[in-house]
Amino acid sequence: MGSLAEVVEDCFGVLQLYSDGSIYRANVSDIDFGEFNNNKSSQEIVGEDCIVEWEDCLFDEKNQLNLRVYKPSYKNSMSKKLPVLYYIHGGGFCLGSRTWPNCHNCCLRLSSQLQALVIAPDYRLAPEHKLPAAIEDGLNAIKWLQLQAKRREEGNPRKDYNQNDQNTCIKLVEDGVDFEKVFIIGDSSGGNIAHHLAVRLGPGSPELSPVQVCGYVLLAPFFGGSLRTVSEANGPPEPVLTLDSLDRFWRLSLPKGEDRDHPIANPFGPSSPNLELVSLDPMLIIVGGKEIMKDRVEDYAKRLKELGKDITYVEFEGQH
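Residue numbering for the sequence shown follows the working numbering, starting at 144 and increasing by one per position.
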């Protein structure tokens, strides 16, 4: 009689990998996010004068990947077109979704307070889908926006519009959205994806015309390296993240046999592209002063700035 499979990797009980190769993922309802709104309604009141409507759209039929589009409306009508903000969630490439309450509520606030149309895409997760799957999905999510912009350019966005066509988002193809003002925010592993998108697309993202990406915001981007930084080696653990958990994310997400100096993990690794030769759109890079990743993120921003890139670095003192 064979022995029972044992847990060999455990990500906070949300994701568990067993010795026989099987995987367990917890339902989002099992995770304690504190006080958040539910996301069962497609219309939510945010503040006194704003209602944010949202809808889910299929952007990758092959991999059955969806994204969520948030569009604000105000009691005092606005005449300006809404900029577009992509929000790519974190989770060490292994966890997270646009539907999780922490992501959903963040996007509601971004949409209402920035007066922007926000798009939150999902991407394939490890260990079922190793990197670079998540990077590819991030690019495809932006290309989906290009498709919407081209449909609007055709003249009548409602012509031949099929309500069952999940690849079309009527909130986007209608007037009122500025496809020349697109910004990409990435949180943790989403920040890593944002970095690779910035390198791939270049200034103004010419391959996405008529869509134009104008800048990036990296929130504590998830990078790695074989050499430990001071904050990784000696810094106190955060309330949730530890160095062990970060290493576990890399073990589960990187291609088999690769280490933390892989170009996806380490943008300044021995086999990474020379970023001195790469032109980038402006970047805002943010990190908490007590984060394990603080030194690595600060070094990333410093080195890019030394290479002449347009970088703004912000550190929230004393914050995780």
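All C-beta atoms in this analysis are idealised placements derived from N, C-alpha and C, irrespective of residue type, glycine included.
As the structure is a prediction and not an experimental result, all values here were calculated from the model.
{"Check": "CA-to-CA distance, S348 to Q291, given in whole angstroms", "Outcome": "16 Å"}
{"Check": "Check whether C237 and C154 have beta carbons under 7 Å apart", "Outcome": "yes"}
{"Check": "Pick from G461, L447 and I428 that is closest to D330, judged by C-alpha positions", "Outcome": "I428"}
{"Check": "Minimum C-alpha distance to P364 - residue among L389, L282 and G334", "Outcome": "G334"}
{"Check": "Cβ neighbours of P416 in the same chain (closer than 8 Å, five flanking residues each side left out)", "Outcome": "V342 and P406"}
{"Check": "The segment 448–456 contacting the segment 387–405, beta-carbon criterion three pairs below 8 Å", "Outcome": "no"}
{"Check": "Cβ pair W243, V171 closer than 7 Å", "Outcome": "yes"}
{"Check": "Three-way DSSP call (helix, strand, coil) for P226 in this model", "Outcome": "strand"}
{"Check": "Below-7 Å beta-carbon distance, I429 vs any chain D residue", "Outcome": "The structure shown contains no chain D; it holds only a single protein chain."}
{"Check": "Coil, strand or helix - F392 by DSSP", "Outcome": "helix"}
{"Check": "Beta carbon of L225 nearer than 7 Å to that of V320", "Outcome": "yes"}
{"Check": "In chain order, each alpha helix (DSSP H) run of at least 4 residues that lies wholly inside the segment 213–277", "Outcome": "244–257"}
{"Check": "V440 versus P275 - alpha carbon distance", "Outcome": "21 Å"}
{"Check": "Reference L210, options D265, P379, R371 and L384, closest by Cα", "Outcome": "D265"}
{"Check": "CA nearest to the CA of K445, picked from G461, K433, C200 and L418", "Outcome": "L418"}
{"Check": "Secondary structure, beta strand (DSSP E): runs of 3+ residues fully inside the segment 324–375", "Outcome": "356–362"}
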